[in-house]
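Residue numbers (the working numbering): 46 to 303.
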């Protein structure tokens, strides 16, 4: 059961790492060379976030069940000047009203001022189509809308294979599916028992992790290898930024050997 919970929590780790460093823009020079309105940039760091709006599909191999679990969904959260969650009124995604949830319990609660979400989101297709968010706003939050384009393919790890033995004394090349229309950002995440390797890389379909980086893992240790690939867009909002993302993830397990 512990392995099952770890597998289901992997996507939450992805999102927290994507948003890490997006807390403070007191030093504007950190972003002086970044056009945050251009969706073809890597995820900007050190940006203060007023809202996150996410659409996703996650495929994760589960060691406990020896199967692949696929999850689709959407999530949205809105923050005030003090970074506390606030109500943003009614919101829709491609015309469908998104339900509001209570953060402490995860249960639907129309009076809650926490997060919005839908799981599964059955209308999610990776075919290059557009997804439009409409936020109707509230007394404390403005109304706005934005459209983001989906990638034209889902990401799948091609190598290594699930269950493969990986030597930490040699470099590890990870390959994944891509297309002639690369996504904005690919996130590679390798974890085991609190040890983490994470990289933002171009969508070239291949990236090599050095043996020096792999040396943090122990012999005969199971490691999780995950890739998140997607498109991102940032717009100014309330003196901060709203982040829109649509992505797919794929996760496998491998075994470290000397």
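In this text, a Cβ means the ideal position worked out from N, Cα and C, and glycines have one as well.
According to the DSSP assignment, residue 259 belongs to the alpha helix (DSSP H) that extends over 256-259. In this structure, residue 295 and residue 200 form a Cβ contact; the two beta carbons are roughly 5 Å apart against a cut-off of 8 Å.
In this structure the segment 250-261 does not lie against the segment 179-195, because fewer than three pairs of beta carbons, one per stretch, are closer than 8 Å.
Under the DSSP assignment, residue 295 falls in the beta strand (DSSP E) whose first and last residues are 285-302. In the DSSP assignment, residue 113 falls within the beta strand (DSSP E) that extends over 112-123. The three-state reading of DSSP puts residue 96 in strand, counting E and B together.
CA-CA distance, residue 270 to residue 214, rounds to 17 Å.
Residue environment for residue 240: exposed (fewer than 16 other C-beta atoms within 10 angstroms of its C-beta). Annotated as distal: residue 293 and residue 146, with beta-carbon spacing of 8 Å or more. The C-beta of residue 123 has 16 or more other C-beta atoms within 10 Å across all chains shown, which makes the residue buried.
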